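Numbers 1 to 113, taken from the UniProt record's numbering, label the letters of the sequence shown in order. Glycine included, every Cβ here is placed at the ideal spot set by N, Cα and C. The structure presented is a predicted model; accordingly, all values stated were derived computationally and were not measured. What follows is one structure encoded as structure tokens, with my remarks underneath.
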Amino acid sequence: MPSKDEHAKARRLRNAMTDAERKLWQALRFDALGVRFRRQHPVPPYVADFAAPAAMLIVEVDGGQHGGDADAARDAALRGAEWRVLRFWNDEVLGNRDGVIQRIAEALSGIKR
Numbered sequence: 001m002p003s004k005d006e007h008a009k010a011r012r013l014r015n016a017m018t019d020a021e022r023k024l025w026q027a028l029r030f031d032a033l034g035v036r037f038r039r040q041h042p043v044p045p046y047v048a049d050f051a052a053p054a055a056m057l058i059v060e061v062d063g064g065q066h067g068g069d070a071d072a073a074r075d076a077a078l079r080g081a082e083w084r085v086l087r088f089w090n091d092e093v094l095g096n097r098d099g100v101i102q103r104i105a106e107a108l109s110g111i112k113r
């Protein structure tokens with residue numbers, strides 16, 4: 001269960017979304033892919049950029065500061081908690097949103113909801 005601090009952090013992150021996160025959120029909101037996504041969703045001890053709890057799927061949008069050992073450890077911890085994790089670069093979301101949405105839809109296609 002997320003703590004008050006984790007909820008507050010998620011709220012701050014929702015108010016400071018990147019352009020790429022905003023663009024992807026426009027496509028994911030309102031159950032557009034048949035599953036409800038939440039933005040900046042606490043998954044203790046982390047806050048996922050986007051999470052579909054019913055499908056146990058997390059979507060991360062990464063800028064230049066990502067891609068190292070910390071992300072690998074985070075992904076391993078989330079996978080250990082039965083989450084599936086997809087990662088996309090900011091540039092990929094901004095330049096090929098339809099392709100990103102297609103990959104997310106493919107990841108969801110085999111999941112019972």
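With C-beta atoms as the reference, is Ala20 less than 8 angstroms away from Phe37? Working through the sequence shown from its first residue, we reach residue 20 at position 20. Working through the sequence shown from its first residue, we reach residue 37 at position 37. No, Cβ-Cβ distance for Ala20 and Phe37 is not below 8 angstroms.
Give me whichever residues DSSP pairs with Phe37 in a beta bridge. Reading the sequence shown from its first residue, position 37 is the one you call residue 37. Note: Phe37 sits in no beta bridge, so no partner.
Residue(s) in a DSSP beta bridge with Trp89: The sequence position of residue 89 within the sequence shown is 89, counting from 1. DSSP output for Trp89 lists Asp62 as bridge partner(s).
Quick check: the Cα distance between Ile101 and Pro45, rounded to an integer number of angstroms? Mapped onto the sequence shown, residue 101 falls at position 101. Mapped onto the sequence shown, residue 45 falls at position 45. Going by the C-alpha atoms only, they are around 27 angstroms apart.
So the beta strand (DSSP E) Asp49 belongs to, where does it begin and stop? Locating residue 49 in the sequence shown gives position 49, where the first residue counts as 1. That run of the beta strand (DSSP E) goes Tyr46 to Ala52.
From Phe30 to Arg39, what distance separates their C-alpha atoms? One-based indexing of the sequence shown puts residue 30 at position 30. One-based indexing of the sequence shown puts residue 39 at position 39. Their backbone Cα atoms lie some 12 angstroms apart in a straight line.
Mind checking which residues open and close the alpha helix (DSSP H) that includes Glu82? Position 82 of the sequence shown, counting from 1, holds the residue named residue 82. Here Glu82 belongs to no alpha helix (DSSP H), and DSSP marks it neither H nor E.
Quick one, which of Ala105, Gly99, Ser109 and Val43 has its alpha-carbon nearest Val80's? Locating residue 80 in the sequence shown gives position 80, counting from the first residue. Per the sequence shown, residue 80 should be read as Gly rather than Val. That would be Val43, whose Cα lies nearest to the Cα of Gly80.
Would you mind reading off the limits of the alpha helix (DSSP H) that contains Asp31? Here residue 31 corresponds to residue number 31 of the sequence shown, with the count starting at 1. First-last for Asp31: undefined, no H or E at that position.
What residue from Glu106, Ser109 and Gly63 has the CA that sits closest to Glu92's CA? Taking the sequence shown and counting its residues from 1, one reaches residue 92 at position 92. Nearest option by C-alpha distance: Gly63.
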